[in-house]
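Chains as they are written, first to last, in the numbering used here: chain A, 19 to 352; chain B, 51 to 547; chain C, 332 to 668.
Structure first, commentary second.
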Amino acid sequence: MTNKKKGNAFTNNPIVRAIGVQKIVVVVVLILLLVFFSVKSTSFWSYASLLSIMDYTYYLAFLGIGVTFCLITGGVDLSIGTGMFCYALAGGFLITKMDLPVIVGILVTLAMGIVVGLANGLIVSKGGHAPFLATLCTMMIVRGLGAIITGGSSITWPIAGTPEGWTRNLFKFTLPSGTKVPLGFLWVLLAAIIMSLFLNKTRPGRYIIAIGSNKEATRLSGINVAKYQTLAYLICGFFTGLAALAYSSAFQSMTPGGGGGVELNAIGGAIIGGTSMSGGSGTIAGTILGVFIMSILQTGLPKVGLQANYQQIIIGVVLLVAVYIDVLKNKKLS
Amino acid sequence: MGDVILTMKGIDKSFPGVHALDHVDLEVRKGEVHALMGENGAGKSTLMKVLTGIYSKDSGTITFEGREVEFTNPREAQDAGIVIVHQELNMLGHLTVAQNIFIGREFMKGKFIDDRKMNEEARKLFDQLGIDIDPTETMSRLTVGKQQMCEIAKAISHDAKVIIFDEPSAALTEAEIEELFKIIRDLRERQLGIVYISHRMDEIKVITDRVTVMRDGGYVGTLITKDCTKEDIINMMVGRVIYEDPKTESQVAKDAPVVLKVEHLNAGRMVQDVSFELRKGEILGFSGLMGAGRTETMRALFGADPKQSGDIYVNGEKVDIKSPKDAVRHGIGYLSEDRKRFGIIVDKSVAENSTMATLDEYMKGLFIDKKKENDVAQKYVDILKTKTPGVDQLVVNLSGGNQQKVVIAKWLVRNCDILIFDEPTRGIDVGAKSEIYHLMNELVAEGKSIIMVSSEMTEILRMSDRIVIMCEGRKTGELGIEEATQERIMHAATLRN
Amino acid sequence: MDKIKENAFVKKVGFNSLVLFCILILLYILFAVLVPIVNSDANANFVSWAHILSAMNYACFMGFLSLGVTFVIATGGIDFSIGPVMFCAALIAGYQLTMKEWPLALCLVLCILVGTAFGTLNGLLVTYLGLPSFITSMASMMIAKGLGSVCTKTQPVSWPQLSDASGNGWYRNLVRTQIGDMTFPTGLVILVIGAVICAIILNKTKAGRYILCIGSNREAVRLSGVNTKGWETLAYILCGTLAGIAAIFYVGVYTTVQPGLGDTFNNEAIAGCVMGGTSMTGGVASIGGTLIGVLIMALLQEGIMTMGLQINYQYIITGLIVLVVVYADLRSRRRRN
């Protein structure tokens, strides 16, 4: 009996299938972008510039990994942007203003992420709220919370060189010779590998995909949908906490109330990388690639003379295009 | 055939206003393929839903493997060994075949899922059944036929003892049906009990051992397949005494003009090269079984769904209908089959619903002329005898029959000359039904023309001047009312190719 | 409780609106009592004309934003771009006014047109391309933020004061007019007129009828022969236009607009709308309710500020309000089904 093959020669090629069509397209786009920027800007390929790209990528990658889990269940988490700032502000506040040990600050940052993630998950799975609305509300709440905790003042995590500033070295290690090594890349890679394994090779990961694919069928198979849906948001919250650590280690001061807009970069990156808003599909690798495109845009555009405002317009348009392609993909499936 | 494995005796089930199952019996033996047949609404699905615990029975007993059982949900039934393979497959499209089959009971290697073992086990399963499917393939990329086989394999892996197939061949190609039958024969050899729900006579004759026929919620009888003919089965399906007089002759004038002509309408698998005519003052009945494509034909005609090709002529003039707006403009109105989803706007009032298709005519300048709207709404409430405290009443608070009247009112307000009624009396009590019939007769007497899609044989025979029958997307018969009988209609409704 | 609901007056005004009004009064009393306690400053007397005027400043522009987004939510969609669109309009028009010396009247029109343009963009993307409204409006929010900044070359824009030498300050009278000794809250009056117009559109015109029915059951409306795509787009266009109008009332009070900001207003506008009884699932909307919801938000904002607390408490409370109100709406819907 013959399988009615859908698609064409390219999409049916086994190697292409194994990697994923979208990822290949993304890599091509990535290469084109890199070529474009290196041609248009002489300073793009400088080591300092690459380090800068890395700084943007770390936190965005963690956010991307986290929100991918929500997207796969067919939901979304809009609180990751302001959340990242809030948790970093809280942790940093404890370290710099309350003179608590750095490790406490780190733990609090992560803990806050987990708690808010859990709250999001419960509101969505038990409360029945639409994910975008629920996480929109928590986005507002953590935005206010962050500012209240710090009393409105900006926070800077301890800088490199000071004894408390060791978190910075975690992400950018300065060798004795003076060169800085983008160590953070290792953590991102590690996280990506671990979460990819989690998603594809463990039961919770499998059930999260199943929920996004067909919630009712998953429920009928006897799986506790609420539990695994909540787990997805919890993971997202945890990674927002990690992103907070990455951000505070890479950048200087953080103003309360900031972070709005960052979530769209992360979500956009995930969608570009092949994660569908309708749920059921998505890979960690794809998200990392998509997020990479976003951070390259963010660092490259200024180098060709386009400031932040142009970036916003371009990223907005990129997001629209990515969503449209996603909508078309889904139309074709049904 | 072996011993009896499943007995359903005296199953009775009622819903508000509907006696869905009236003391139904069913007996399934090991190593048997037992067909369950009946018209739409005969109660076949309901019976199976009672068996698998989706509905609870009012009375009667279910005996499985010698013990009396009562399941409260499909999972319980599945764990006990009774599985349904649905028409709408319940699958996780984004996962692979093996992952689907073993969802919830994955093989583990430590903390991780052992996909390799799952693929192996799936392959073993498929080999046993003689199915050729790659367990690593993504589910959504398979054809419907293959997806169904996966579902069967899943059932077997759950150690099923009774498998129920609900219209399994509807979406399959001839070759896939052959494969399916091979598997079913294999299952029979393994002493499973199989219930096969289908309306396809030729398949019943090929694959089944016995046939149980239901009619109007009741049990009619059980025949041995090889000892009976297609006509025997048809007689059992439709052999009801009709109390209301069927129409004996067409009410349409001999010289009545053709108001609507449809030629070579094509809209996917469900509408294949359908052509028909509607004359002025005529009630054209559209009969057929579920999945015949009647609603799809009407929706394509009305512009609600896209069509690939087809010409439509209204009063002799060719018209281009690409959306419901076009159809309405040409004087065609469509009363959907699913009133709650497509017909009424539940949290709006009777008046607002009534003028939904004609709002332009109820404007005073920029504003809605509420008085005029209420007046016309009240006019039709009176004409149709809609039971409502007032035209401001929200439609959600009305009974089914009265909701239907509001939808009818909407099209009457529009004064459409051509009306398509899709299952107009579904879910409506007897009193309201005859009111709607009366109304339909009045409408055609006034010169309007009606297409009536219906799955109720009595209704078709009572109201139609002419009857078109469809089967699986094709028009398979056309009868004038004088020559129409239940048997003839059912014959055409089950005529494939 | 039921007896109250049956009362004729209650029915006419609307049970929900009355409840909201009571909440408004209670909130006022609450602040009047709390403020002197929390804020030890001698001037912190909540019960004063000055505070009411200040709250009204906020209510003016927020009112127009909320009115606009009510139309979109009525269709079952959402618009997250309204805040930044408002700012973008104010920035672009303000730039033309102050840097290019365009006549004021023209700039006011331009301001509104920018809003309309974004509304049209959102509407077309959502209805004709089928993109989900929340992510679409978030993307256009980014575009609005960026565009505003690009047009003003990243500089903030300050609209002229009342006594401005160019004579262009007269638009301030739209917000507040000085008649002798009295300050007449023109802005509020215009808002109420605007609300009345919106209510008429929503409840008495074809557009409003279609918009509400589309939010309730889009397919049933389509099958009745109505061009649903056009009318749904109209809801977004109205929303954008009202955001453009809101811009005028914003600069009329707060003068300066910074590029890149504005998104906090989105949530507050949605909160006001949702509190007023407009359902996020579409099909049910109340202009009167939205108005009272906006007043509650204005009061909340003023009270929190006067108490000496930061605006951040408002963010938290707003978030909680929306969660709770929408949950209540979901619960009552589920019970009905």
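Every residue, glycine too, gets a C-beta built ideally from N, C-alpha and C.
Chain A contact residues for residue i, given Cβ-Cβ distances below 9 Å
i                : result
Asn598 (chain C) : Leu154, Cys155, Met157, Met158
Phe465 (chain C) : Val94, Leu96, Ala148, Phe150, Leu151, Leu154
Tyr658 (chain C) : Ile141, Gly145, Gly146, His147
Beta-ladder partner(s) of residue i, from DSSP
i                : result
Glu496 (chain B) : In DSSP, Glu496 (chain B) forms no bridge with anything.
Glu509 (chain B) : Answer is none; Glu509 (chain B) lacks a bridge partner.
Met354 (chain A) : Chain A is shown from 19 up to 352; residue 354 (chain A) falls before or after that span and cannot be answered.
Leu328 (chain B) : B:Leu310
Thr111 (chain B) : B:Lys59
Beta-carbon neighbours of residue i, restricted to chain C and to distances below 9 Å
i                : result
Met413 (chain B) : Thr536, Lys537
Arg161 (chain A) : Thr595, Asn643, Tyr646, Ile647, Gly650
Closer than 9 Å at the beta carbon, the chain B residues around residue i
i                : result
Ser547 (chain C) : Ile395, Val396, Asp397, Lys398
Same chain, Cβ closer than 6 Å to residue i, five either side skipped, listed in chain order
i                : result
Met199 (chain B) : Ile181
Val120 (chain A) : Ile113, Glu182
Thr192 (chain A) : Lys198
Leu622 (chain C) : Ala526
Thr672 (chain C) : No statement about residue 672 (chain C) is possible, as the shown extent of chain C runs from 332 to 668 and does not include it.
Gly164 (chain A) : Phe103, Cys104, Leu107, Pro274
Where residue i meets chain B, residues with beta-carbon distance less than 8 Å
i                : result
Ser214 (chain A) : Under the 8 Å cutoff, chain B gives no residues; its nearest Cβ is about 12 Å from Ser214 (chain A).
Ser299 (chain A) : His144
Interface partners of residue i on chain A, CB under 8 Å
i                : result
Ile214 (chain B) : Within 8 Å Cβ-Cβ: nothing; Ile214 (chain B) doesn't reach chain A, min ~15 Å.
Residues of its chain near residue i, where Cβ-Cβ distance is below 7 Å and the 5 sequence neighbours each way are ignored
i                : result
Lys24 (chain A)  : Because the pLDDT of Lys24 (chain A) is 49, which lies under 50, any placement of that residue in the model is unreliable, and the number read from its coordinates should be weighed accordingly. The answer is none, since no qualifying residue turns up.
Ser412 (chain C) : Phe449, Asn453, Ser468, Ser471, Met472, Ala475
Cys442 (chain C) : Ala420, Ala421, Ala424, Gly575, Ala578, Ile579
Val403 (chain C) : Ile409, Asp410, Ala566, Tyr567, Cys570
Asn21 (chain A)  : With a pLDDT of only 39 at Asn21 (chain A), under 50, the local geometry of the prediction cannot be trusted, and the value read off the model is given with reservation. Cβ within range, chain order: n/a, list empty.
Tyr430 (chain B) : Ser404, Ala459, Leu462, Val463
Tyr265 (chain A) : Tyr77, Met102, Ala106
Tyr658 (chain C) : none
Val83 (chain B)  : Ile234, Arg238, Ile244, Tyr246, Ile257, Thr258, Asp259
Within chain C, partners of residue i - CB distance below 8 Å
i                : result
Glu402 (chain B) : Arg540, Cys544
Met406 (chain B) : Cys544, Ala551, Val552, Ser555, Val557
Interface residues of chain B facing residue i [CB-CB closer than 7 Å]
i                : result
Gly613 (chain C) : Result: empty, since nearest Cβ-Cβ is about 10 Å, beyond 7 Å.
Ile227 (chain A) : His144, Leu145
Chain-ordered neighbours of residue i on chain A, where CB pairs are closer than 7 Å
i                : result
Thr621 (chain C) : Neighbours of Thr621 (chain C) on chain A: none; closest Cβ ~17 Å, over 7 Å.
Pro185 (chain B) : Chain A residues near Pro185 (chain B): none, gap ~13 Å exceeds 7 Å.
Cutoff 8 Å; reference residue i; Cβ partners in own chain excluding five residues on either side
i                : result
Leu154 (chain A) : Leu96, Ser97
Thr317 (chain A) : Ser67, Ser70, Ile71, Tyr74
Pro233 (chain B) : It should be pointed out that residue 233 (chain B) corresponds to Ile in this sequence rather than to Pro. Only Leu179, Gly180, Ile181, Met199, Ile202 meet the Cβ criterion.
Glu436 (chain B) : It should be noted that the sequence gives Thr, not Glu, for residue 436 (chain B). Counting only Cβ-Cβ distances below 8 Å, and skipping sequence neighbours, we find Val400, Tyr430, Leu448, Asn452, Lys455, Val456, Ala459.
Gly497 (chain B) : Lys330, Gly331, Asp467
Ser190 (chain B) : Gly143, His144
Chain-ordered chain C contacts of residue i [CB-CB under 7 Å]
i                : result
Ser106 (chain B) : What Ser106 (chain B) touches in chain C: nothing, since even the nearest Cβ is about 21 Å away.
If you scan the stretch 445-529 of chain C from start to end, which runs of the alpha helix (DSSP H) of 4 or more residues do you find wholly inside it? 464-482
Go through the stretch 331-403 of chain B residue by residue and report every complete run of the alpha helix (DSSP H) that reaches 4 residues or more, in order. 344-352, 374-379
Could you list the residues in the stretch 199-224 of chain A with a C-beta less than 8 Å from some C-beta on chain C, going in chain order? none
Selection of the stretch 321-348 of chain A by Cβ proximity to chain C, strictly under 8 Å: Gln325, Ala326, Asn327, Tyr328, Gln329, Gln330, Ile331, Ile332, Ile333, Gly334, Val335, Leu337, Leu338, Val341, Tyr342, Val345
Of all the residues that make up the stretch 241-259 of chain A, which are near chain B by a beta-carbon distance shorter than 9 Å? Ile241
Residues of the stretch 551-565 of chain C with a CB closer than 9 Å to any CB of chain B: list them in chain order, please. Ala551, Val552, Arg553, Leu554, Ser555, Gly556, Val557, Asn558
List, from N- to C-terminal side, the beta strand (DSSP E) runs of 3 residues or more that fit wholly inside the stretch 263-308 of chain B. 268-274
At which residue ranges does the stretch 61-109 of chain B contain complete beta strand (DSSP E) runs of 3 or more residues, listed in the order of the chain? 68-79, 82-87
Counting only runs that start and end within the stretch 46-106 of chain A, where is the alpha helix (DSSP H) found for 4 or more residues in a row? 65-90
Which residue spans inside the stretch 301-339 of chain A form an unbroken alpha helix (DSSP H) run of at least 4? 302-321
Looking at chain B, which residues of the stretch 230-241 of chain A have a Cβ within less than 8 Å of any of its Cβ atoms? Gly230, Ser231, Asn232, Glu234, Ala235, Thr236, Leu238, Ser239, Gly240, Ile241
Within the stretch 356-443 of chain C, ranges of the alpha helix (DSSP H) (whole runs, at least 4 residues): 380-405, 413-429
Mind listing which residues of the stretch 449-468 of chain B have their C-beta closer than 7 Å to chain C's C-betas, in chain order? Lys460
Would you list, in chain order, the members of the stretch 262-286 of chain A that have their beta-carbon closer than 9 Å to a beta-carbon of chain C? Pro274, Gly275, Gly278, Gly279, Glu281, Leu282, Ile285, Gly286
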